[in-house]
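Colleague:
Number of protein chains: 2
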Amino acid sequence: MPVSLSAARHEPAARARFAALGSFSRTDSEAPVTLNDYLRAIHGCSSRQHYRRGETIFSEGEPADRVCKVISGTIRLCRYSPDGRRHVVDFVNAGDLIGFLECADQPWTAEAVTDVTLVSYPRASVDRLAASNAAIRTRIACHLSAGLLEAQHRLFVLGCQCAKERVASFLVRQGDRVDLMAGEALDLPMSRQDIADHLGLTIETVCRALSALRSGGLIAIPNSHELILKDMGALRAMAIES
Amino acid sequence: MPVSLSAARHEPAARARFAALGSFSRTDSEAPVTLNDYLRAIHGCSSRQHYRRGETIFSEGEPADRVCKVISGTIRLCRYSPDGRRHVVDFVNAGDLIGFLECADQPWTAEAVTDVTLVSYPRASVDRLAASNAAIRTRIACHLSAGLLEAQHRLFVLGCQCAKERVASFLVRQGDRVDLMAGEALDLPMSRQDIADHLGLTIETVCRALSALRSGGLIAIPNSHELILKDMGALRAMAIES
DNA sequence: CGATCCATTGAGAATATTCAATGGTCGTGG
DNA sequence: CCACGACCATTGAATATTCTCAATGGATCG
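If you read the protein sequences in the order shown, they are chains Z and D. Numbered by this note's numbering, the letters in the first sequence go through residues 2 to 243 in order. Numbered by this note's numbering, the letters in the second sequence go through residues 2 to 243 in order.
Written as structure tokens, this is what we have:
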């Protein structure tokens with residue numbers, strides 16, 4: 002199960018869209034009660050795990066019997082085809098939740114992009130909690146809906162956008178995800194290959210697109226894992242925030 | 002809101018994956034109670050509509066206040082970008098349900114590919130029904146999950162597959178969706194342009210891919226809206242049922 | 001300090017797109 | 001019933017984009 006919780010948080014449009022149903026944001030001023038808050042009720046049956054950069058957290062096909070909250074670090078969710086192609090379904094950051102899909106087996110493999118700390122709850126406990134509380138069920142439905150809308154937005158990106166636009170879309174999404182301040186560097190813990198497999202491009206094409214954006218003055222690249230979004234307006238226009 | 006109910010039905014893998022949670026299939030021998038069955042309880046507040054081929058059923062941004070069941074015909078769900086690009090998010094066939102997303106506004110436009118008859122229920126009534134019944138809430142969560150898994154599979158298709166593979170994936174999915182008999186013609190009511198916009202290709206590339214599949218003996222094309230899947234094994238191999 | 005891994009850039013090849021022309025089908029109206 | 005017109009599908013040729021292969025550069029970690 003999966004779907005980073007982030008979906009509703011990152012895109013302003015999605016945020017507005019869900020306003021009537023309650024924000025997913027973790028900033029308490031905006032939303033008094035989040036899915037995250039509800040999980041605290043079953044803190045007693047949670048467990049904490051650490052993973053090293055590169056480690057596999059769980060693999061496709063394993064029983065999907067836990068809900069996970071990322072405490073620190075970044076995870077990538079991958080699907081591998083028999084002939085070795087890889088698709089990075091999503092990146093999951095600190096604060097995000099995965100594991101709410103109604104799905105007996107893990108639909109993908111989760112790998113640690115950086116060192117990762119996460120807290121996990123038995124799915125059975127979460128289900129019991131949900132059974133007892135209508136509000137949390139609504140949150141879960143919102144969470145799944147947000148994930149689906151996010152996936153559909155990404156379908157648009159892969160189906161309709163060229164390489165440069167895809168990279169711009171990715172950067173805008175990452176930037177929104179962390180509520181980036183103007184001029185502040187965006188952290189990109191994942192490799193260029195990860196980004197490429199996320200966007201349906203090759204590593205070289207991602208590099209060239211980034212170089213082109215830099216040449217155009219839209220971004221600066223202090224080092225390969227940090228990046229400054231110099232012209233957010235132009236990036237958004239290129240990303241076609243539909 | 003959205004997501005054709007079909008998701009869990011079409012892919013054997015997805016079907017197996019959800020077995021533990023109950024199949025979505027409409028063949029009663031497999032599943033005694035479906036989301037569809039539950040809706041009968043509120044048949045009293047349903048209404049029936051007809052649309053002509055090409056008509057818009059609802060548009061992106063309108064209030065999403067009804068759940069719809071397609072009785073006959075085919076719908077395409079589209080997202081338009083400001084500069085006119087179109088992405089066909091999904092096709093919805095007879096028996097499929099849309100409108101379960103937790104989303105105040107329609108995230109896409111629904112257009113009739115053929116003449117369409119549908120029955121719709123007020124979202125508020127569906128929500129009341131769900132509030133009173135834990136089983137239906139589970140079904141809805143399964144429905145949303147299936148939609149999300151389907152969307153993620155399509156992300157793999159758009160991100161990792163070449164034109165010929167994408168078309169093969171599309172045909173396999175359409176074939177599975179209707180439980181096609183060997184040798185039976187597959188109905189493709191949508192235009193080549195619709196298929197192209199669904200697969201992130203151009204109309205010409207779709208035509209060329211179909212011609213190539215025909216040359217390879219995998220399919221036959223009696224006419225442009227009917228098609229025979231002659232070598233389902235080879236098609237599945239090309240589609241990489243991951 | 002060296003080795004490895006990752007990122008970047010270049011050049012040539014492959015794939016898909018664009019532009020263009022032809023052919024076929026369907027529906028309308030004579 | 002046939003003819004016309006509109007629209008859609010198909011194919012070809014040239015172009016553009018992205019990929020593949022290759023080499024170099026830079027950073028990180030023993």
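Cβ atoms here follow ideal geometry from the backbone N, Cα and C, with glycine treated the same way.
#1: Taking its Cβ as the centre, do 16 or more other Cβ atoms sit within 10 Å of LEU36 (chain D), making it buried, or is it exposed?
#2: Could you give the C-beta distance for THR118 (chain Z) and THR57 (chain Z), rounded to a whole number, given that I count them as a contact under 8 Å?
#3: Who are the near neighbours of LEU214 (chain Z) in its chain, counting only those whose CB is closer than 6 Å to its CB and skipping five residues on each side?
#4: Between the alpha carbons of ASP177 (chain D) and VAL93 (chain D), how many angstroms are there, rounded?
#5: Hey, would you say VAL120 (chain D) sits closer than 9 Å to GLY100 (chain D), going by beta carbons?
#6: Compute the beta-carbon to beta-carbon distance between LEU236 (chain D) and ILE222 (chain D), rounded to the nearest angstrom, for a pair I have assumed lies under 8 Å.
#7: Could you give the DSSP three-state label for VAL1 (chain Z): helix, strand or coil?
#8: Tell me, which residues are paired with ILE76 (chain D) by DSSP?
#9: Among D:GLN50, D:CYS163, D:ILE76 and D:VAL89, which residue has its Cα nearest to the Cα of GLN194 (chain D)?
#10: Who are the neighbours of LEU159 (chain Z) on chain D, taking C-beta pairs under 7 Å?
#11: Which residues in the same chain have their Cβ closer than 7 Å to the Cβ of LEU181 (chain D), if we skip the five residues on either side of it in sequence?
#12: Cα separation between GLU1 (chain Z) and MET239 (chain D)?
#13: Given that a residue counts as buried once 16 or more other Cβ atoms are within 10 Å of its Cβ, and exposed if not, what is SER48 (chain Z)?
#14: List, in order along the chain, the chain Z residues whose C-beta lies closer than 8 Å to that of VAL82 (chain D)?
#15: Name the two residues that bound the continuous alpha helix (DSSP H) containing ASP198 (chain D).
#16: Figure out for me which residue from D:ASP84, D:HIS51 and D:LEU150 has the closest Cα to the Cα of GLU112 (chain D).
#17: Where does ALA8 (chain Z) sit, in a helix, a strand or coil, going by DSSP?
#18: Roughly how many angstroms lie between the CA atoms of GLU151 (chain D) and GLN153 (chain Z), to the nearest whole one?
#19: Contact check, LEU200 (chain Z) vs PHE171 (chain Z) under 8 Å by CB: the rounded distance?
#20: Please name the residue, chosen from Z:MET191, Z:SER216, Z:SER225 and Z:CYS161, that lies closest to PRO83 (chain D) on a Cα-to-Cα basis.
#21: What did DSSP end up calling ARG129 (chain Z) once you bin it into helix, strand or coil?
#22: Which stretch, first to last residue, makes up the alpha helix (DSSP H) that contains PHE101 (chain D)?
#23: GLN194 (chain Z) versus chain D: which residues are under 9 Å apart at the beta carbon?
#24: Sort D:ALA95, D:ALA65, D:VAL179 and D:ARG129 by Cα distance to ILE43 (chain D) and report the nearest one.
#25: Whose C-alpha, out of D:ILE137, D:ARG53 and D:GLY85, is nearest the C-alpha of VAL34 (chain D)?
#26: Taking the alpha helix (DSSP H) that GLU205 (chain Z) belongs to, which residues open and close that run?
Modeller: This is what the structure holds:
#1: By the 10 Å Cβ count, LEU36 (chain D) comes out buried.
#2: Rounded, the Cβ-Cβ distance is 16 Å, inconsistent with contact.
#3: The beta carbon of LEU214 (chain Z) is closer than 6 Å to those of ILE220 in its chain, skipping five residues each way along the sequence.
#4: Inter-residue distance for ASP177 (chain D) and VAL93 (chain D) is about 14 Å (C-alpha atoms, whole angstroms).
#5: The Cβ atoms of VAL120 (chain D) and GLY100 (chain D) lie no closer than 9 Å to each other.
#6: With a beta-carbon spacing of about 14 Å, LEU236 (chain D) and ILE222 (chain D) fall beyond the 8 Å limit used to define contacts.
#7: The structure shown does not extend to residue 1 (chain Z), since chain Z is modelled only from 2 through 243, so no value can be given for it.
#8: According to DSSP, ILE76 (chain D) shares a beta bridge with D:VAL93 and D:ALA113.
#9: Proximity to GLN194 (chain D) across D:GLN50, D:CYS163, D:ILE76 and D:VAL89 peaks at D:VAL89, based on C-alpha coordinates.
#10: Within chain D, the residues whose beta carbon sits less than 7 Å from that of LEU159 (chain Z) are LEU156, LEU159, GLY160 and GLY201, listed in sequence order.
#11: Excluding sequence neighbours, LEU181 (chain D) sits near LEU187 and LEU230.
#12: Summary: the structure shown does not reach residue 1 (chain Z), with chain Z confined to residues 2 through 243, and so no result is reported for it.
#13: Exposed, since its Cβ has fewer than 16 Cβ neighbours within 10 Å.
#14: In the sequence as presented, Val is not what sits at residue 82 (chain D); that position holds Ser. Within chain Z, the residues near SER82 (chain D) are PHE157, CYS161, ILE241 and SER243.
#15: Annotation for ASP198 (chain D): the continuous alpha helix (DSSP H) segment containing it runs 193-200.
#16: Of D:ASP84, D:HIS51 and D:LEU150, the residue nearest in Cα terms is D:HIS51.
#17: Any answer about ALA8 (chain Z) is weak, because its pLDDT of 38 lies below 50 and its placement is not dependable; what the coordinates show is given next. Three-state result, ALA8 (chain Z): helix.
#18: The alpha-carbon separation between GLU151 (chain D) and GLN153 (chain Z) amounts to approximately 10 Å.
#19: With a Cβ gap of about 6 Å, LEU200 (chain Z) and PHE171 (chain Z) count as contacting.
#20: Shortest Cα-Cα distance from PRO83 (chain D) to any of Z:MET191, Z:SER216, Z:SER225 and Z:CYS161 involves Z:CYS161.
#21: DSSP, reduced to helix, strand and coil, places ARG129 (chain Z) within a helical segment of the structure shown.
#22: In the DSSP assignment, PHE101 (chain D) falls outside any alpha helix (DSSP H), carrying neither H nor E.
#23: Near GLN194 (chain Z) there are no residues of chain D at all, since even the closest Cβ is about 13 Å away, more than 9 Å.
#24: Of the candidates D:ALA95, D:ALA65, D:VAL179 and D:ARG129, the one whose C-alpha sits nearest the C-alpha of ILE43 (chain D) is D:ARG129.
#25: Closest by alpha carbon: D:ILE137.
#26: For GLU205 (chain Z), the enclosing alpha helix (DSSP H) starts and ends at 204-216.
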